[in-house]
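Heads up: the sequence shown is residues -19 to 84, going by this note's numbering. Each residue gets a CB set at the ideal place from its N, CA and C atoms; glycine is no exception.
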Amino acid sequence: RERLSSLAPPAAPKKATFGIQFKRRLSNDAPDRSSIISAVADLVPPSFSVDLSDPDYTILVEVFKNMVGIGVVKDYAGKRKLNLVELNVGGATSTNTKTAKPPK
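Dropping the structure here:
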């Protein structure tokens, strides 16, 4: 909660917004998606409001087997969801004249 509070700008003209992305892989005995999202949302300070279409901050929750990873990313959609192929295609110029093709 303290970390998320430090992200919100003090006296901002608009409330900072957040969204939660949840992924589960190879884990059948983890709690269900809605209970995890609800637990994470309860930790977000009231100075944030929910925006699922284009949030200022995205809280990423990934469950893999018996491990959980949580991260907070500013402008997740603008960073093309951290997809390296999409970031490269998005107009980044390179000094290399060869263009890499994404694997099939």
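query                                                                                                                               : result
Run the CB neighbour count on F85, radius 10 Å, all protein chains shown included, and call it buried at 16 or more, exposed below. : The question about residue 85 has no answer, for the chain in this structure spans -19 to 84.
Check the DSSP bridge columns for A(-4) and list the partner residues they point to.                                                : F28
Less than 8 Å between the CB atoms is what I'm expecting for V30 and G(-1), so what's the real figure, rounded?                     : 7 Å
Would you tell me roughly how many angstroms separate the C-alpha atoms of T(-3) and N46, rounded to the nearest one?               : 30 Å
To the nearest angstrom, report how far apart A21 and S15 are at their CA atoms.                                                    : 10 Å
At the level of alpha carbons, what is the spacing between L32 and L6?                                                              : 26 Å
Please list the terminal residues of the continuous beta strand (DSSP E) segment that includes L40.                                 : 37 to 44
Going straight from the alpha carbon of F44 to that of N8, what length do you get?                                                  : 10 Å
Beta strand (DSSP E) containing G58: first to last residue?                                                                         : That residue, G58, is in no beta strand (DSSP E); it is neither H nor E in DSSP.
Looking at the secondary structure, which residues open and close the alpha helix (DSSP H) in which D22 lies?                       : 13 to 23
Whose C-alpha, out of D34, A57, K(-5), is nearest the C-alpha of G25?                                                               : According to the sequence shown, residue 25 is Pro rather than Gly. That would be K(-5), whose Cα lies nearest to the Cα of P25.
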